[in-house]
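Worksheet for the structure shown next.
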Amino acid sequence: MESLSCTLQGGTPLDLCEVVVRPVHSFEEPRYQDLMQQHHYLGSLSKIGETLWYVASWHEEWVALLSFSASALKCAARDGWIGWDFRQRCSRLKLVVNNSRFLIMPDRHVPNLGSRVLSLCQRRLASDWEETFGHRVVLLETFVDPQHFRGIVYRAANWVYVGNTRGFRRTRRGYTATPQSPKMVFVQPLRADARRLLCQARLSPPYRLGESKLMLNAAQMQSLPSFFSEIPDPRRAQGRRHRLSTVLALAAGAVLCGMRGYRAIADWAQSLGQKSRERFGCRRQGGRYVVPSEYILRNVLIRVAPAHLDRALRRWNEIYAGEDESLAIDGKTLCNALDEEGRQTHVMSVVGHQSKICYTQKKLAPCP
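Going by numbering that gives the first Met the number 0, the sequence shown opens with residue 0, and the numbers climb by one from there.
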């Protein structure tokens with residue numbers, strides 16, 4: 000049997016079987032951040048969103064530090080390896096976790112230590128993530144800068160090299176205009192059928208995360224206003240600051256991305272960058288594109304004719320919606336909704352099983 004012992008600089012033997020990995024305690028976080036800032040070439044990384052920090056120790060001595068956080072929004076090499084489409088990627092990104100930092104402490108670079116630490120992390124990460132954030136994960140990813148490293152540690156830990164990034168870096172205003180240093184992309188499935196699971200038309204409850212939603216691409220943002228261009232504007236001509244098609248496109252885009260309620264729709268619109276606002280056809284003021292306020296969004300949505308809005312959304316759905324293997328027909332009786340003759344109103348809906356998209360609705364009042 001191959002020995003897992005090696006020797007540190009200075010002659011001290013290190014038995015890799017005695018190395019343990021655990022989450023960093025809250026009172027240890029300042030020390031963790033200080034060491035990461037001192038010794039990692041990218042510096043420390045704040046906890047943003049779902050993030051777990053780990054420490055690998057040997058006889059209570061810290062020998063390695065790791066950080067796992069949210070996955071990259073877009074990565075062509077990773078997405079091509081998985082095989083999912085943009086709709087699946089948007090709704091299932093939380094099932095993928097990024098190894099955003101990996102630091103082996105100075106004078107602790109001994110053979111097999113890095114792959115040993117990664118292996119120990121992989122064994123416990125899924126359960127730790129579910130315990131901390133309430134959902135499971137099935138795939139790990141990481142980016143390696145070839146100007147500094149060759150990814151040998153990840154290869155030794157059986158991570159899969161899937162290609163390089165294009166070199167564009169995400170900024171507050173979108174992405175850099177020119178490519179910079181491409182990164183090597185490695186992935187590690189936490190279960191054998193990770194790719195199949197991420198590409199399934201419908202996920203089982205342990206992996207289903209909230210309501211169905213999608214991430215709009217540039218072409219969809221540009222096309223959305225055109226679907227509402229023929230809807231009559233119910234507002235007075237005086238004081239119209241934003242085109243009706245733009246207001247409705249922003250509201251539809253927010254709902255498609257999972258927003259619910261006027262405040263959430265307005266916040267989503269405010270979060271858009273200048274390029275996205277331009278694609279939606281927003282009004283330009285003072286050299287910048289501005290979006291309608293929550294009041295304007297609400298005022299338009301409660302006054303526009305529902306039939307016109309429904310037809311526009313169904314036309315968009317016919318072009319961009321994913322294919323469903325089956326449809327569900329559901330009927331509801333609307334409480335306290337009566338027509339002119341006092342009859343209660345019923346609504347029949349056709350909804351896709353896989354996409355959860357409503358294809359059409361019909362309102363009727365049964366004969367007395």
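For glycine and all other residues, C-beta sits at the position ideal for the given N, C-alpha and C.
DSSP puts SER66 in a beta bridge; with which residues? TRP52, ARG100
Using alpha carbons as the reference points, say which of GLY42, ARG190, GLY260 lies closest to ARG122. ARG190
May I ask which residues mark the beginning and end of the alpha helix (DSSP H) holding ARG30? 28 to 38
When burial is assigned at 16 or more other CB atoms within 10 Å of the CB, is GLN87 buried or exposed? buried
Supposed contact pair ALA75 and ARG194 - C-beta distance, whole angstroms, cut 8 Å: ARG194 to ALA75, Cβ: 16 Å. No contact.
Unbroken beta strand (DSSP E) run spanning PRO188, endpoints: 183 to 188
8 Å Cβ cutoff met for ALA71 and GLU140: yes
From this set, LEU102, ARG302, ALA156, VAL289, which residue's C-alpha is nearest TRP267's C-alpha? VAL289
Burial state of ASN216 (16 or more Cβ within 10 Å): exposed
Presumed contact (8 Å Cβ cut-off) between LEU34 and LEU64, rounded CB distance: 6 Å
Rounded distance between the beta-carbons of VAL136 and VAL184, thought under 8 Å: Their Cβ separation, rounded to whole angstroms, is 17 Å, which puts VAL184 and VAL136 out of contact at 8 Å.
With distances taken Cα to Cα, identify the nearest neighbour of PHE227 among LEU300, ASN97, HIS38. LEU300
In whole angstroms, give me the CA-to-CA distance for SER275 and HIS241. 16 Å
Which of helix, strand or coil DSSP assigns to ASP14: strand
N-terminal and C-terminal residue of the alpha helix (DSSP H) that VAL299 is part of: 293 to 302
Length of the line joining the Cα atoms of PRO204 and ILE47: 26 Å
Taking Cβ positions, are SER68 and SER43 nearer each other than 8 Å? no
Cα-Cα separation, HIS307 to LEU249: 16 Å
With DSSP as the reference, label LEU41 as helix, strand or coil. coil
Between ALA155 and the rest of its own chain, which residues show a CB-CB distance below 8 Å, the 5 nearest in sequence each way excluded? ASN111, GLY113, SER114
Helix, strand or coil, according to DSSP, for PHE142 in the structure here? strand
What residues in its chain sit with their C-beta under 6 Å from that of THR50, if we drop five residues either side in the sequence? SER68
Pick helix, strand or coil for VAL246, following the three-state DSSP scheme. helix
So what does DSSP say about TRP57, is it helix, strand or coil? strand
Out of curiosity, what's the CA-to-CA distance linking ARG107 and VAL62? 6 Å
For PRO181, which residues in the same chain have their Cβ closer than 8 Å to its Cβ, ignoring the five residues on either side in sequence? PRO145, ASN163, THR164, ARG165, GLY166
ARG153 versus LEU124 - alpha carbon distance: In the sequence on display, residue 153 carries Tyr and not Arg. Cα-Cα distance, rounded: 16 Å.
Out of ILE81, PRO188, LEU13, TRP52, point me to the one whose CA is closest to THR131's CA. TRP52
Starting from GLY162, follow its DSSP beta bridges and name the residues at the other end. VAL184
Suppose contacts are defined by Cβ-Cβ distances below 8 Å. Is VAL18 in contact with VAL109 by that definition? no
Work out the CA separation of VAL23 and LEU257 for me, nearest whole Å. The sequence given here places Gly at residue 257; Leu does not occur at that position. Answer to the nearest angstrom: the Cα atoms are 33 Å apart.
For PRO22, the three-state DSSP class (helix, strand or coil): strand
Among VAL54, ILE81, ALA218, which one has its Cα closest to the Cα of ILE318? ALA218
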